[in-house]
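Colleague:
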Amino acid sequence: MPPSAPSALLSALTASKFPGLLIAVVIVALALRRRWEPKRVAVLPKHQERVVILGATGGIGRAVAQGYAKRGAKVCIVGRREELLAETKAECWSLRDPGVDKADILPVSLVAPNDPIVAVQADFTVPEDIVHVRGVIQAVWDGVDTVVVCAGVSSLRPLLEIADVRRPGEDLTLDGIQRIQEVSNAAMRGNFSGPLLSAITLIPLLESSSRSPSVALISSAAAIIPAPTRSLYCASKAASLILYQSLAIEHPRVNFTHVIPATVEGDFRASAVDAGPVREASPNQHGLKRDYVAQQLIHAVDHGEKEVLLPWWYVRSGHLLYWTFPSIIEYLGRKKYKFAAAT
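Position 102 (the sequence shown) corresponds to 102 in UniProt numbering; numbering is contiguous.
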């Protein structure tokens, strides 16, 4: 190759058409990979799959439970409130077996060997509770194939506002600092400690009992794109996401799927650890539908997909734009959440 050839090749690769061509090739390759990837259901038929869903009594988790029950999987729903567990269990039974007699459905407090729909009252941030969940699924199913982590909490206020700071330069009182610490700990318990305890308790059981072990985490676009009034939510969601991404490397036999949606319909304020107001446009009018997110999660687990952005173009463009032009994302974040810094 003549001396000028390397520079000529470099010039060709950096020509204006090359980036677009490269992007097109990557998109086609990803599409073909998704089409040709062996489906998990070939190894693990749908009706044999044993699924544990943490945070299954509301929102996306409830929709995921319904989706798995409808296709005949064995489903264990986990939540804190007994009445919601009973409702969700009855829904899952009717979807799995439309002819079921409600009188035959066991109460939440009871389980039977090989019962296809199981409900466990537990708080996934409490070690004793998550160990209890593990014991129940070992006793009833002798293992698990899929763990879905949907539970979590929100936060809705600018961080210093939690301490009632309203003006720039205003010192925090000791009470204010302690209040922020309490709220921060609550956010980390729900969005990090719970997923952490679930993973370390259930991964060994997945590895020892499943032909195709999988873990799915419902994360958030806030884990990869910062936003005002969401500082604690962003930080705690980012922590659990990077935790699970790291666990995926440490446990290569387990497939990890991370679902990263933008705003989803629902009562976001109900789980807010800081009792703040919802500032953006109504999630119920503009957010993604829970059933859609649940369907995408189930499809991704079936196909062994690592990362699911919903909608892909919106979350990925926001993520990339923050790398390149962060001030634009900061402006759009202030606009979306109707945030104006105190002056």
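Just so you know, even glycine gets a beta-carbon here, dropped at the ideal spot from N, CA and C. Just so it is clear, the structure is predicted and the values come from calculations on it, not from any experiment.
As a quick exercise: from 263, 272 and 296, pick the residue whose alpha carbon is nearest that of residue 286.
Modeller: Selected option, being the one with the closest Cα: 263.
Colleague: Can you give the Cα-Cα distance for residue 67 and residue 123, rounded to whole angstroms?
Modeller: Taking the straight line from one Cα to the other gives about 23 angstroms.
Colleague: Please classify residue 150: does DSSP put it in a helix, a strand, or coil?
Modeller: Residue 150 falls in the coil class under three-state DSSP.
Colleague: Residues in its own chain within less than 8 angstroms of residue 300 by CB, not counting five upstream and five downstream?
Modeller: Around residue 300: 216, 257, 259 and 308.
Colleague: Do the CB positions of residue 53 and residue 77 come within less than 8 angstroms of each other?
Modeller: Going by C-beta atoms, residue 53 is nearer than 8 angstroms to residue 77.
Colleague: Give the straight-line distance between the Cα atoms of residue 108 and residue 324, rounded to the nearest whole angstrom.
Modeller: In a straight line, the C-alpha of residue 108 is about 51 angstroms away from that of residue 324.
Colleague: In chain order, what residues of the same chain lie with their CB nearer than 8 angstroms to the CB of residue 241, ignoring the 5 residues before and after it?
Modeller: Excluding positions up to five away in sequence, the list reads 217, 219, 223, 224, 258 and 260.
Colleague: Applying the 10 Å Cβ sphere with the 16-neighbour rule, what's the burial state of residue 343?
Modeller: It is exposed - the Cβ of residue 343 has fewer than 16 other Cβ atoms within 10 Å.
Colleague: Tell me the rounded alpha-carbon separation between residue 170 and residue 83.
Modeller: Looking at the two C-alpha atoms, the distance is approximately 45 angstroms.
Colleague: Just to confirm the assignment, what range does the beta strand (DSSP E) spanning residue 77 have?
Modeller: Element bounds for residue 77: 74-79.
Colleague: How long is the line joining the alpha carbons of residue 159 and residue 91, rounded to whole angstroms?
Modeller: Using only the alpha carbons, I get a separation of about 39 angstroms.
Colleague: Using the rule of at least 16 other Cβ atoms within 10 Å of the residue's Cβ for burial, across every protein chain shown, is residue 329 buried or exposed?
Modeller: Under this definition residue 329 is a buried residue.
Colleague: What span of residues does the alpha helix (DSSP H) with residue 239 cover, start to end?
Modeller: 231-250 is the span of the alpha helix (DSSP H), which, as asked, contains residue 239.
Colleague: Would residue 279 and residue 338 be called neighbours here (beta carbons separated by less than 8 angstroms)?
Modeller: Yes, the Cβ-Cβ distance between residue 279 and residue 338 is below 8 angstroms.
Colleague: Within the same chain, show all residues whose beta-carbon is closer than 7 angstroms to that of residue 210, passing over the 5 residues directly before and after it, in chain order.
Modeller: Counting only Cβ-Cβ distances below 7 angstroms, and skipping sequence neighbours, we find 143, 144 and 145.
Colleague: Mind checking residue 46: buried by the 16 CB within 10 Å criterion, or exposed?
Modeller: The residue in question, residue 46, is exposed, as its Cβ has fewer than 16 Cβ neighbours within 10 Å.
Colleague: Threshold first: 4 residues or longer. Then list the alpha helix (DSSP H) segments lying entirely within the region 184-236, N to C.
Modeller: Listed in chain order, they are 194-209.
Colleague: Which of helix, strand or coil does DSSP assign to residue 307?
Modeller: Correct three-state label for residue 307: strand.
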